[in-house]
Amino acid sequence: MSTSEGKHGIQWRSRMQLNDLDFADDLALLSQTQQQMQEKTDSVAAASAAVGLHIHKGKSKVLRYNTACTDPITIDGEDLEDVKTFTYLGSIIDEHSGSDADVKTRIGKARAAYLQLRNIWNSKQLSTNTKVRIFNTNVKTVLLYGAGTWRTTKAIIQKIQVFINSCLRKILQIPHMESSRPKEKRKTKEHITPRNGNRHEKDEQELDGIRKGGPGQSGLENAGWRPMLHWE
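Okay, so the sequence shown: first residue is 4 according to our numbering, each after it adds one.
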(Lines of atoms letter the chains of each structure in order from A and count residues from 1; the text may use other names and numbers.)
(Lines give C-alpha, C1' and ligand atoms only; values in the text may rest on other atoms or scores of the structure.)
Protein backbone atom coordinates (compact mmCIF):
# COMPACT_ATOMS: atom_id res chain seq x y z
CA MET A 1 0.00 0.00 0.00
CA SER A 2 1.35 3.42 -0.92
CA THR A 3 0.11 6.86 0.05
CA SER A 4 2.92 8.75 -1.64
CA GLU A 5 1.64 8.96 -5.20
CA GLY A 6 2.15 12.52 -6.34
CA LYS A 7 2.99 15.38 -4.01
CA HIS A 8 0.22 14.86 -1.47
CA GLY A 9 2.26 15.13 1.74
CA ILE A 10 3.74 18.01 3.69
CA GLN A 11 7.07 19.60 2.88
CA TRP A 12 9.71 17.92 5.03
CA ARG A 13 12.94 19.12 3.45
CA SER A 14 13.77 21.05 0.32
CA ARG A 15 13.32 18.00 -1.92
CA MET A 16 11.38 15.68 0.34
CA GLN A 17 7.74 15.28 1.33
CA LEU A 18 6.38 13.45 4.35
CA ASN A 19 3.23 11.58 3.36
CA ASP A 20 2.45 9.37 6.33
CA LEU A 21 3.71 7.95 9.61
CA ASP A 22 3.29 4.19 9.99
CA PHE A 23 2.96 2.38 13.30
CA ALA A 24 2.13 -1.22 14.25
CA ASP A 25 -1.64 -0.87 13.90
CA ASP A 26 -2.09 2.84 13.21
CA LEU A 27 -1.47 5.19 10.33
CA ALA A 28 -1.14 8.98 10.41
CA LEU A 29 -1.84 10.62 7.05
CA LEU A 30 -0.39 14.06 6.27
CA SER A 31 -1.59 16.39 3.51
CA GLN A 32 -1.60 20.07 2.65
CA THR A 33 -5.19 20.30 1.36
CA GLN A 34 -8.56 18.78 2.18
CA GLN A 35 -8.83 17.31 -1.31
CA GLN A 36 -5.47 15.59 -1.03
CA MET A 37 -6.37 14.21 2.38
CA GLN A 38 -9.68 12.85 1.10
CA GLU A 39 -7.97 11.17 -1.87
CA LYS A 40 -5.35 9.67 0.40
CA THR A 41 -7.99 8.45 2.88
CA ASP A 42 -10.00 6.83 0.08
CA SER A 43 -6.86 5.13 -1.23
CA VAL A 44 -6.00 3.68 2.17
CA ALA A 45 -9.59 2.55 2.77
CA ALA A 46 -9.72 0.78 -0.60
CA ALA A 47 -6.33 -0.90 -0.14
CA SER A 48 -7.31 -2.04 3.35
CA ALA A 49 -10.63 -3.49 2.21
CA ALA A 50 -8.85 -5.43 -0.55
CA VAL A 51 -6.97 -7.47 2.07
CA GLY A 52 -9.88 -7.81 4.49
CA LEU A 53 -9.05 -4.90 6.78
CA HIS A 54 -11.41 -2.10 7.78
CA ILE A 55 -10.65 1.34 9.20
CA HIS A 56 -12.22 2.00 12.61
CA LYS A 57 -14.15 5.20 11.90
CA GLY A 58 -14.82 5.91 15.57
CA LYS A 59 -11.11 5.97 16.37
CA SER A 60 -10.12 7.95 13.27
CA LYS A 61 -9.72 11.69 13.92
CA VAL A 62 -8.98 14.75 11.80
CA LEU A 63 -6.72 17.49 13.15
CA ARG A 64 -6.50 20.69 11.10
CA TYR A 65 -3.64 23.13 11.39
CA ASN A 66 -3.58 26.69 10.06
CA THR A 67 -6.48 26.28 7.64
CA ALA A 68 -9.93 27.81 7.23
CA CYS A 69 -11.30 24.80 5.34
CA THR A 70 -13.98 22.93 7.29
CA ASP A 71 -15.07 20.43 4.63
CA PRO A 72 -15.27 17.01 6.30
CA ILE A 73 -13.07 14.01 5.58
CA THR A 74 -15.24 10.95 5.01
CA ILE A 75 -14.94 7.17 4.85
CA ASP A 76 -17.78 5.34 3.09
CA GLY A 77 -19.86 8.51 3.27
CA GLU A 78 -19.41 8.87 7.04
CA ASP A 79 -17.79 12.04 8.38
CA LEU A 80 -14.72 11.61 10.55
CA GLU A 81 -14.61 13.61 13.78
CA ASP A 82 -12.67 16.88 13.79
CA VAL A 83 -10.70 17.46 17.00
CA LYS A 84 -8.44 20.20 18.34
CA THR A 85 -6.29 17.82 20.37
CA PHE A 86 -5.83 14.11 20.93
CA THR A 87 -3.54 11.74 22.78
CA TYR A 88 -1.43 9.41 20.68
CA LEU A 89 1.01 6.87 22.13
CA GLY A 90 0.90 8.79 25.42
CA SER A 91 1.72 12.17 23.88
CA ILE A 92 -0.67 15.07 23.35
CA ILE A 93 -0.95 16.45 19.83
CA ASP A 94 -2.85 19.70 19.33
CA GLU A 95 -3.74 22.18 16.61
CA HIS A 96 -1.00 24.59 17.70
CA SER A 97 1.71 22.05 16.80
CA GLY A 98 3.61 22.93 19.96
CA SER A 99 4.67 20.95 23.03
CA ASP A 100 3.24 23.08 25.86
CA ALA A 101 0.14 20.93 26.42
CA ASP A 102 2.16 17.72 26.39
CA VAL A 103 4.77 19.11 28.80
CA LYS A 104 2.05 20.29 31.19
CA THR A 105 0.50 16.82 31.17
CA ARG A 106 3.86 15.08 31.71
CA ILE A 107 4.61 17.33 34.70
CA GLY A 108 1.20 16.48 36.15
CA LYS A 109 1.78 12.74 35.73
CA ALA A 110 5.31 13.01 37.15
CA ARG A 111 3.98 14.94 40.16
CA ALA A 112 1.44 12.18 40.79
CA ALA A 113 4.21 9.55 40.57
CA TYR A 114 6.33 11.61 42.97
CA LEU A 115 3.54 11.93 45.53
CA GLN A 116 2.94 8.18 45.51
CA LEU A 117 6.48 7.73 46.83
CA ARG A 118 6.14 10.02 49.85
CA ASN A 119 7.23 7.25 52.21
CA ILE A 120 10.45 6.84 50.22
CA TRP A 121 11.32 10.53 50.35
CA ASN A 122 10.59 10.71 54.09
CA SER A 123 12.52 7.56 54.93
CA LYS A 124 15.40 7.90 57.42
CA GLN A 125 16.90 4.56 56.38
CA LEU A 126 17.54 5.42 52.72
CA SER A 127 20.50 7.55 51.67
CA THR A 128 20.14 10.67 49.55
CA ASN A 129 21.85 8.95 46.61
CA THR A 130 19.38 6.07 46.78
CA LYS A 131 16.46 8.48 46.85
CA VAL A 132 17.81 10.35 43.82
CA ARG A 133 18.21 7.06 41.92
CA ILE A 134 14.61 6.18 42.75
CA PHE A 135 13.57 9.66 41.61
CA ASN A 136 15.38 9.14 38.29
CA THR A 137 13.82 5.74 37.60
CA ASN A 138 10.30 6.30 38.92
CA VAL A 139 9.64 9.99 38.36
CA LYS A 140 12.06 11.18 35.69
CA THR A 141 11.00 8.47 33.26
CA VAL A 142 7.38 9.58 33.60
CA LEU A 143 8.33 13.24 33.25
CA LEU A 144 10.43 12.81 30.10
CA TYR A 145 8.29 10.25 28.29
CA GLY A 146 8.11 11.34 24.66
CA ALA A 147 10.50 14.25 25.30
CA GLY A 148 12.48 13.38 22.18
CA THR A 149 9.63 14.82 20.09
CA TRP A 150 9.20 18.03 22.09
CA ARG A 151 9.90 21.36 20.51
CA THR A 152 11.98 22.63 23.39
CA THR A 153 11.96 26.31 24.26
CA LYS A 154 13.48 28.26 27.14
CA ALA A 155 10.05 28.36 28.79
CA ILE A 156 9.64 24.58 28.57
CA ILE A 157 13.15 23.92 29.88
CA GLN A 158 12.47 26.27 32.79
CA LYS A 159 9.21 24.49 33.67
CA ILE A 160 10.98 21.13 33.73
CA GLN A 161 13.84 22.45 35.84
CA VAL A 162 11.50 24.18 38.30
CA PHE A 163 9.63 20.90 38.82
CA ILE A 164 12.84 18.91 39.33
CA ASN A 165 14.27 21.54 41.70
CA SER A 166 11.08 21.42 43.74
CA CYS A 167 11.22 17.62 44.01
CA LEU A 168 14.88 17.60 45.01
CA ARG A 169 14.35 20.28 47.67
CA LYS A 170 11.64 18.15 49.23
CA ILE A 171 13.75 14.99 49.01
CA LEU A 172 16.60 16.81 50.78
CA GLN A 173 14.12 18.53 53.12
CA ILE A 174 15.40 21.99 52.23
CA PRO A 175 12.89 24.78 53.01
CA HIS A 176 11.98 26.66 49.86
CA MET A 177 12.86 30.09 51.29
CA GLU A 178 16.27 28.81 52.41
CA SER A 179 17.12 27.36 49.00
CA SER A 180 15.86 30.34 47.04
CA ARG A 181 17.89 33.03 48.80
CA PRO A 182 20.11 35.11 46.51
CA LYS A 183 23.47 33.46 45.97
CA GLU A 184 25.40 36.47 47.25
CA LYS A 185 23.52 36.37 50.56
CA ARG A 186 24.35 32.70 51.00
CA LYS A 187 28.01 33.47 50.37
CA THR A 188 27.97 36.27 52.96
CA LYS A 189 26.48 33.97 55.56
CA GLU A 190 29.04 31.28 54.82
CA HIS A 191 31.83 33.73 55.73
CA ILE A 192 30.43 34.39 59.19
CA THR A 193 29.18 30.89 60.02
CA PRO A 194 31.32 28.29 61.81
CA ARG A 195 33.02 25.90 59.46
CA ASN A 196 30.65 23.01 60.10
CA GLY A 197 27.71 25.26 59.12
CA ASN A 198 24.07 24.48 59.82
CA ARG A 199 21.95 21.69 58.41
CA HIS A 200 20.28 23.77 55.70
CA GLU A 201 23.61 25.03 54.37
CA LYS A 202 24.89 21.47 54.14
CA ASP A 203 21.72 20.40 52.35
CA GLU A 204 22.06 23.34 49.97
CA GLN A 205 25.59 22.22 49.10
CA GLU A 206 24.35 18.66 48.62
CA LEU A 207 21.65 19.87 46.25
CA ASP A 208 24.25 21.87 44.32
CA GLY A 209 26.33 18.70 44.01
CA ILE A 210 23.38 16.74 42.66
CA ARG A 211 22.66 19.50 40.16
CA LYS A 212 26.21 19.64 38.90
CA GLY A 213 26.69 15.89 38.55
CA GLY A 214 29.93 14.41 37.26
CA PRO A 215 32.41 15.50 34.59
CA GLY A 216 30.78 16.36 31.30
CA GLN A 217 27.33 16.81 32.83
CA SER A 218 25.55 20.11 33.15
CA GLY A 219 22.84 21.55 35.34
CA LEU A 220 20.37 18.94 36.55
CA GLU A 221 21.46 16.39 33.98
CA ASN A 222 22.16 13.53 36.35
CA ALA A 223 19.18 14.33 38.57
CA GLY A 224 16.53 14.13 35.94
CA TRP A 225 16.84 16.64 33.14
CA ARG A 226 18.88 16.72 29.98
CA PRO A 227 17.90 19.54 27.59
CA MET A 228 16.54 18.14 24.34
CA LEU A 229 17.98 19.07 20.99
CA HIS A 230 15.79 20.71 18.38
CA TRP A 231 14.80 18.61 15.41
CA GLU A 232 16.42 19.70 12.19
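Glycine included, every Cβ here is placed at the ideal spot set by N, Cα and C.
With a cut-off of 8 Å on Cβ pairs, the segment 124 to 134 is in contact with the segment 165 to 178, counting three or more such pairs.
In terms of CA proximity to I110, A150 leads the group S130, A150 and H99. Separation of D23 and N141 (C-alpha to C-alpha, rounded to the nearest whole angstrom) is 34 Å. Annotation: Q119 is outside any alpha helix (DSSP H) and is labelled neither H nor E by DSSP. Contact between T108 and I96 does not hold, since the beta-carbon distance rounds to 11 Å and is not under 8 Å. Residue nearest to D45 within the set Q35, V54 and I58 is I58 (criterion: CA-CA distance). In the three-state scheme derived from DSSP, where H, G and I count as helix and E and B as strand, K127 is classed as coil.
DSSP places E42 inside the alpha helix (DSSP H), whose first and last residues are Q37 to A53.
With fewer than 16 other beta carbons inside 10 angstroms of its own, F26 counts as exposed. Under the three-state reduction of DSSP, D82 is assigned to strand.
Annotated as proximal: K162 and V106, with beta-carbon spacing under 8 Å. With a cutoff of 8 Å on beta-carbon distance, H11 and Q39 are scored as near each other.
Contact annotation: L66 and P75 have beta-carbon atoms that are not nearer than 8 Å. DSSP, reduced to helix, strand and coil, places S169 within a helical segment of the structure shown.
Under the DSSP assignment, I96 falls in the beta strand (DSSP E) whose first and last residues are S94 to D97. If you draw a straight line from the Cα of I177 to the Cα of K112, it comes to about 23 Å. Taken through DSSP and simplified to helix, strand or coil, D23 comes out as strand. Between K143 and I174, the CB-CB gap reaches or exceeds 8 Å.
In the three-state scheme derived from DSSP, where H, G and I count as helix and E and B as strand, I137 is classed as helix.
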